[in-house]
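The sequence shown runs 869 to 1462 under our numbering.
Glycine is no exception: its CB is placed at the ideal position from the N, C-alpha and C atoms.
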Amino acid sequence: MKSSILATSFVLAASALMVGQFNAVAGEGGTAGGSTDCASAPALSIGNNSFDTSGSTVSVALPAARGCAGHTVFKANYFTFTPSTSGTYVFSTCGTSWDTRLAVLSSCSTAAAAVLQCSDDSCGYQASLSLALSANTTYRVLVGGFGAADGGVGALSVATQAAGSGADVIVGDLVGISNYAAVTVNGVSVGAYAIGTTSCNIGTAQLQWFASPDNRHPFIPQNMYRLRGGRLEQIGMGWGKHGFTALQGTVCGSCTSSGTGSYLGIGCSDPYSSGLNGSQSGLGTRSEVNAATGVFPGTINVGMPTAGTSIHRRIQVARPDLDPALNAGAIFLAEGHYIAQDDAAAGNDDNNCSWRTFSVGSLNANGAYNLTFTNATQRQQPAIHAWKTFDASVRLANVDVPGDGRFAVAHTVKDNGNGTWRYEYAIQNINSHRSGNSFSIPVPAGVTVTNAGFKDIDYHSGDPYAPTNWSIGMASGRITWTGADFANAPNGNALRFATLYNFWFDASAAPVDANGTLGLFRPGTAGAPNWMEMPLRAPGGQPTNPADLNGDGQVNADDLGELLSQWGTKGTADLNGDNWVDGIDLGQLLGAWT
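Structure, rendered in structure tokens:
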């Protein structure tokens, strides 16, 4: 299974093996190795392709679609790429020394429909992306800088990404959302929903699909999320659908049919409608599933209550979490996930999630919202990737637990404008059976931490896990969120597979590079680690006094002079945040005099 902690970018970069060299000829009006004119762009080749954007004056604004997040690519150069065979291709600037951006387009248009995928800061400040392309189709590849000053000589590598050896199931598409009558729970109206999922076997072996009581079939959990106010939260979860037969479709390309419903053929797809995935009799408890191995009992739901109300076992979402009047500007996401033991045994279980945005419509007569999918399904990405898609400041890394499974950690830091910074972290357990029970961030002495918080997602319908919130404490130079201890509470609140938890606080210090720590809930084998580290941003060693305008560690005459020079403007000396430097700010500065 897993053996190391890897940033997402390094996984892609490792796939983009650079073989051979190729120097593209400049198109008319372009610079060496690329063209500022999309129509006359030179062709890329498999391997390394040199480029030089230093002479480009072209900036290309991209829409907020498919990872672009409204990016502008500065000092832009275009290439074309025409694959000879259909498959997944990796484009990477990871060896380049300056801050790059990268996009693949279906044409020279920059409309949302033409944007296939974008990348920014996938490997440090460089870019890497992978996507499926069709044979003998010409695509446009756009490379350039993050900012107006970013540009120069670089290398754009192109490589094929081989399909997983063995069975390899992914979510090829999310199609349709069903809703069911709401029920009042503890005074809150809770609606029930189900998501249609189409699976694809992109591997080199047929995928087992035997109906219960045989356990050789996929387990299909589904979730819902909301991105609002700079935070991605899980707002809904359901039990998982147990697969029972596989059709042999072509959603993901050509299909070599297995000739039987007991196997999903190589390259084939299988549709499960939202109605099918919402059928309560076919839904199973998550508590029986080991997501790291894909193994669960053949006889499911032993000791579980029978399906009761309309919301039982389905994705449950509280009405306030979807109410458009309470969620202005929010982005909503649905996620499908397939867990299968032959996929896991082949080591192909880290690409089994896909997500898609949806819109919230009217409230129907049953008290649930009408939900409609928007945009395209983002294949082979857990929902936590959406945060970075819509917020370019987010950093994302994978945490792979040896002999177990994967977590994904995302975070961002925002300047509050008052001498404090908001630190936002989210951790999604993709398929770790050991699960997580603590999260810790270093906080140097002298840094003030306020407004610390935590959010999880509650289990339901008889799943035995406690809803107790993790505690928050400061000790030994760290802020730590602590959940249940397995030895004392095996059904306590842990970060289990297919769930996402949030952690946040404000601090009086700007961010620096650091390491966070994720504690593991279940014990591992002898010698296995009990915690994992991951790179992230945390408060720095020197707390920032907002009145220290020149950053020399003191508030003195130099800062007074700076404030007076900004008098009557909206400058950095606006200490109280009212967009005006005046006597109130002067009073605050004098009050902080050192």
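Residues Y1237 of the same chain have their beta carbon placed closer than 6 Å to that of L1231, with the five preceding and five following residues left out of the count. Counting only unbroken stretches of 3 or more residues, the beta strand (DSSP E) elements lying wholly within the segment 1018 to 1086 are 1021 to 1029, 1037 to 1053 and 1056 to 1069, in sequence order. Considering only T1177, V1170 and I1134, the residue with the shortest C-alpha distance to D1036 is I1134.
Around the beta-carbon of M1342, fewer than 16 other beta-carbon atoms lie within 10 Å, marking it exposed.
In this chain, the alpha helix (DSSP H) harbouring L1432 covers A1425 to S1433. Distance from the CA atom of R1364 to the CA atom of S913, rounded to whole angstroms, is 43 Å. The distance from the Cβ of G1162 to that of D1211 is about 6 Å, consistent with a contact at the 8 Å cut-off. With contacts defined as CB atoms closer than 8 Å, V1119 and R1247 fail to qualify as a contacting pair. Assignment of T1257 by DSSP, reduced to helix, strand and coil, places it in the helix class. For Q1456, there is no enclosing beta strand (DSSP E); the residue is found in the alpha helix (DSSP H) stretching over G1451 to G1459. Counted as a single uninterrupted DSSP element, the stretch harbouring Q1248 is not any beta strand (DSSP E), since DSSP gives it neither H nor E.
C1123 has its alpha-carbon roughly 8 Å from the corresponding atom of S1137. For A1276, the three-state secondary structure derived from DSSP is strand. A1378 and V1311 do not touch by the CB rule: their CB atoms are close to 13 Å apart, not below 8 Å. No residue range can be given for G1215, since it is assigned to no alpha helix (DSSP H) and is classified by DSSP as neither H nor E.
Taking C-alpha positions only, F1307 is separated from S908 by approximately 52 Å. For A1027 against S1046, the beta-carbon gap comes to about 41 Å, at or over 8 Å, which does not count as contact.
If you check the CB distance, Q1434 and V1449 come in under 8 Å. The continuous stretches of beta strand (DSSP E) do not include S1142, which lies in the alpha helix (DSSP H) extending over residues S1142 to N1145.
Less than 8 Å divides the Cβ of Q1296 from the Cβ of A1251.
Secondary structure note for F1164: it is in no beta strand (DSSP E), with a DSSP letter that is neither H nor E. Per DSSP, C1221 is one residue of the beta strand (DSSP E) stretching across C1221 to L1231. Remark: C-beta atoms of A980 and S974 do not approach each other more closely than 8 Å.
No Cβ-Cβ contact shorter than 8 Å links G1143 with I1168. About 5 Å separates the CB atoms of D967 and D1018; that is less than 8 Å, so the two are in contact. Its Cα nearest to that of R1099, the residue F1200 stands out among F1275, N1091, F1200 and S1141. In the structure shown, the three-state DSSP call for D988 is strand. With a threshold of 16 other beta carbon atoms within 10 Å, V1262 meets it and is buried. By the Cβ criterion, the segment 1184 to 1200 is not in contact with the segment 1355 to 1374, since fewer than three pairs of Cβ atoms, one from each stretch, lie closer than 8 Å.
If you look at Y1369, you'll find it in the beta strand (DSSP E) that goes T1367 to A1375. The distance from the Cβ of Q994 to that of T1367 is about 32 Å, inconsistent with a contact at the 8 Å cut-off. For W1107, the uninterrupted beta strand (DSSP E) segment begins and ends at R1099 to H1110.
Under the three-state reduction of DSSP output, L1190 falls in the coil class, being neither helix nor strand. Contact between the segment 997 to 1004 and the segment 943 to 951 is present, with at least three C-beta pairs closer than 8 Å. Annotation: the continuous beta strand (DSSP E) that includes V1317 extends over V1317 to K1323. Taking G1071 as the centre and dropping the five residues before and after it, the same chain places the C-beta of A1031, G1032, S1033, G1034, A1035, D1036, V1037, I1134, D1211, A1214 and N1216 closer than 8 Å to its C-beta, in chain order.
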